Amino acid sequence: MGVEESTVEQPSQDTTSDSIEALLEAARYDDIDDVKSIASTGVSLDSEDSQGRTALHMASANGHVHIVDYLINNGANVNACNMEKNTPLHWACLNGQIEVVKRLILAGANISLLNSHERTPMDEAISRGKMDVIDAINEAAAQVNNAGISGIGLDGDVLILQQTIERDGGSLLLGGKPEPVQPKASGTIFETLEDAEQCVETNYYGAKRVTEALIPLLKLSDAPRVVNVSSTLGNLRLLCNEWAKGVLSNQESLTEEKVDEVVQEFLKNFKEGSLQANDWPSQLAAYKVSKAALNAYTRIISRKYPSFCINSVCPGFARTDITCNLGPLSASEAAESPLKLALLPDGGPSGCFFYRNQISSF
Numbered sequence: 001m002g003v004e005e006s007t008v009e010q011p012s013q014d015t016t017s018d019s020i021e022a023l024l025e026a027a028r029y030d031d032i033d034d035v036k037s038i039a040s041t042g043v044s045l046d047s048e049d050s051q052g053r054t055a056l057h058m059a060s061a062n063g064h065v066h067i068v069d070y071l072i073n074n075g076a077n078v079n080a081c082n083m084e085k086n087t088p089l090h091w092a093c094l095n096g097q098i099e100v101v102k103r104l105i106l107a108g109a110n111i112s113l114l115n116s117h118e119r120t121p122m123d124e125a126i127s128r129g130k131m132d133v134i135d136a137i138n139e140a141a142a143q144v145n146n147a148g149i150s151g152i153g154l155d156g157d158v159l160i161l162q163q164t165i166e167r168d169g170g171s172l173l174l175g176g177k178p179e180p181v182q183p184k185a186s187g188t189i190f191e192t193l194e195d196a197e198q199c200v201e202t203n204y205y206g207a208k209r210v211t212e213a214l215i216p217l218l219k220l221s222d223a224p225r226v227v228n229v230s231s232t233l234g235n236l237r238l239l240c241n242e243w244a245k246g247v248l249s250n251q252e253s254l255t256e257e258k259v260d261e262v263v264q265e266f267l268k269n270f271k272e273g274s275l276q277a278n279d280w281p282s283q284l285a286a287y288k289v290s291k292a293a294l295n296a297y298t299r300i301i302s303r304k305y306p307s308f309c310i311n312s313v314c315p316g317f318a319r320t321d322i323t324c325n326l327g328p329l330s331a332s333e334a335a336e337s338p339l340k341l342a343l344l345p346d347g348g349p350s351g352c353f354f355y356r357n358q359i360s361s362f
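In structure tokens form, the structure reads like this:
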């Protein structure tokens, strides 16, 4: 019995090219209805024209915020590169589209990517004298970076978080030995792979990207300062994995590549379900690893830029969203120690970890 041939016509290459061109034109000229209509026909939002430009490039360059929001919310690639390796963020910065800049960064746009002229998005803003764009980049990057995320979920009594942190603080006082007083709250702390990956991406890789993007500007300053907001939970005595502890504590041989290796091994073990077998922390694991990695990175870049003052600091247990508004310190009280480090005089300490106002061990 013969097989009936399909009579459904496939779209021609010319038809596809026309649809892509129409999508990009709609994004460029702020026609949200056409963007949605073309997308509904199956045209990918990441479709590129002959120059590698996407709809997000066009909307970003022209400041069409609602189209940018639609594209981001429907999965458009915020780091798509055209033929000159410009991302939508490059174009938004170049044209001074402040609200678009903020949205792209909060959606995960990489502020450190170089285009074919070896310029970051911030470099493009500087080249046009758009200092308000620099402020927007710093504001959005700070939201992504220094606030950090815990990488956990909570069920039941949120006091379990405070009691767990206090238990780990007691363990530090005992030199890393288990604290005999265990949490009594009935709540449960849980960690998913997705939460762990996001925690590491924000607390460690996010801090790296922000720092790398700002280094060119800091080199122009006569008082360059970098303050990474970290935590005592990143103390190596709480990192039970002896291999990871050995790598991160070896000041002489420590490199960014080795820190990345530790972080990736942790995530690999998390995916495999082998955290316990490999002696990673039993609770707040991703948070502890990400902050330990951030502390190590702080030491590395302090050696790389000896004329800078570069430190990390635990501001204390403050009442913020990340702590479920628990803790003895207000947010303003906790902010005092990072601010003091940002205002250190020339010749001040660098490559150090502070617990509030006191130098502490890593």
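Oh and the sequence shown: position 107 is 107 in full-length UniProt numbering, straight run, nothing missing. Virtual Cβ for every residue (Gly too), placed ideally from N, Cα, C. Please read all numbers here as calculations on a predicted model, not as lab measurements.
> Excluding the five sequence neighbours on either side, which residues of its own chain have a C-beta within less than 8 Å of the C-beta of residue 107, listed in chain order?
Replying inline: By the criterion of a C-beta distance shorter than 8 Å, residue 107 is surrounded in its chain by 72 and 78, once the five residues flanking it on both sides are discounted.
>> Which same chain residues end up closer than 7 Å to residue 11 when comparing Cβ atoms and leaving out the 5 residues on each side of it in sequence?
In response: At residue 11 the pLDDT is 46, less than 50, meaning the model places this residue with poor confidence; the figure from the coordinates comes in the next sentence. Counting only Cβ-Cβ distances below 7 Å, and skipping sequence neighbours, we find nothing.
> Between which two residues does the alpha helix (DSSP H) carrying residue 270 extend?
Replying inline: 256 to 272
>> Does the segment 253 to 272 come into contact with the segment 307 to 317, if we say contact requires no fewer than three beta-carbon pairs (one atom in each stretch) closer than 8 Å?
In response: no
> beta strand (DSSP E) containing residue 127: first to last residue?
Replying inline: In the DSSP annotation of this structure, residue 127 is not part of any beta strand (DSSP E); the continuous alpha helix (DSSP H) holding it starts and ends at 121 to 127.
> Taking the C-alpha atoms as reference points, what is the distance between residue 179 and residue 248?
Replying inline: Only weak support is given to the placement of residue 179: the predicted model assigns it a pLDDT of 48, under 50, and the value that follows is read from those uncertain coordinates. Rounded to the nearest angstrom, the two C-alpha atoms are 23 Å apart.
> Once you ignore the five residues that flank residue 350 on each side, which residues in its own chain have a CB closer than 6 Å to its CB?
Replying inline: Result list for residue 350: 302, 309 and 310, in chain order.
> Counting along the chain, where does the alpha helix (DSSP H) carrying residue 247 start and finish?
Replying inline: 242 to 249
>> Less than 8 Å between C-beta atoms, sequence neighbours within five positions excluded: which residues of the same chain meet that for residue 111?
In response: 89, 105, 120, 121, 122, 137, 141, 209, 210 and 213
> So, is residue 230 buried or exposed, given that buried needs 16 or more other C-beta atoms within 10 angstroms?
Replying inline: buried
> Sorted by chain position, which residues of the same chain lie with C-beta nearer than 7 Å to residue 288's C-beta, five sequence neighbours on each side aside?
Replying inline: 233, 234, 238, 239 and 281
> Does the beta-carbon distance from residue 319 to residue 251 come in below 8 Å?
Replying inline: no
>> Does residue 27 come out as helix, strand or coil in the three-state DSSP assignment?
In response: helix
>> Threshold first: 3 residues or longer. Then list the beta strand (DSSP E) segments lying entirely within the segment 289 to 338, N to C.
In response: For the segment 289 to 338, whole beta strand (DSSP E) runs of length 3 or above, ordered along the chain, are 309 to 314.
> Given that a residue counts as buried once 16 or more other Cβ atoms are within 10 Å of its Cβ, and exposed if not, what is residue 66?
Replying inline: exposed
> DSSP puts residue 228 in a beta bridge; with which residues?
Replying inline: 312
> Between residue 296 and residue 198, what straight-line distance do the alpha-carbon atoms span, to the nearest angstrom?
Replying inline: Approximately 19 Å between the Cα atoms of the pair.
> Do you know how far the Cα of residue 224 is from the Cα of residue 447?
Replying inline: Here the chain covers residues 1 to 362 and nothing more, so residue 447 does not appear.
>> Within 10 Å of its beta-carbon, does residue 359 have 16 or more other beta-carbons around it, so buried, or fewer, so exposed?
In response: exposed
> With distances taken from CA atoms, which of 205, 58 and 61 is nearest residue 260?
Replying inline: 205
> With distances taken from CA atoms, which of 254, 342 and 28 is nearest residue 356?
Replying inline: 342
>> Rounding to the nearest angstrom, what Cα-Cα distance links residue 354 and residue 35 in this structure?
In response: 51 Å
> Helix, strand or coil: which one does DSSP assign to residue 358?
Replying inline: strand
>> I'd like the span of the alpha helix (DSSP H) that includes residue 35, first residue to last.
In response: If you look at residue 35, you'll find it in the alpha helix (DSSP H) that goes 32 to 40.
> When burial is assigned at 16 or more other CB atoms within 10 Å of the CB, is residue 291 buried or exposed?
Replying inline: buried
> For residue 364 versus residue 23, is the C-beta distance shorter than 8 Å?
Replying inline: Any property of residue 364 remains undetermined from this structure, which presents the chain solely from 1 to 362.
> Ordered along the chain, which non-local residues of its own chain (more than five positions away) have a Cβ less than 7 Å from that of residue 366?
Replying inline: Missing from the structure shown is residue 366; the chain here goes from 1 to 362 and no further.
> Run through DSSP, which three-state label would residue 344 get?
Replying inline: coil
> For the candidate residues 95, 96, 63 and 305, whose alpha-carbon lies nearest to that of residue 218?
Replying inline: 305
>> Rounding to the nearest angstrom, what Cα-Cα distance links residue 17 and residue 227 in this structure?
In response: 49 Å
> Just the Cα atoms here: how many angstroms apart are residue 82 and residue 47?
Replying inline: 11 Å
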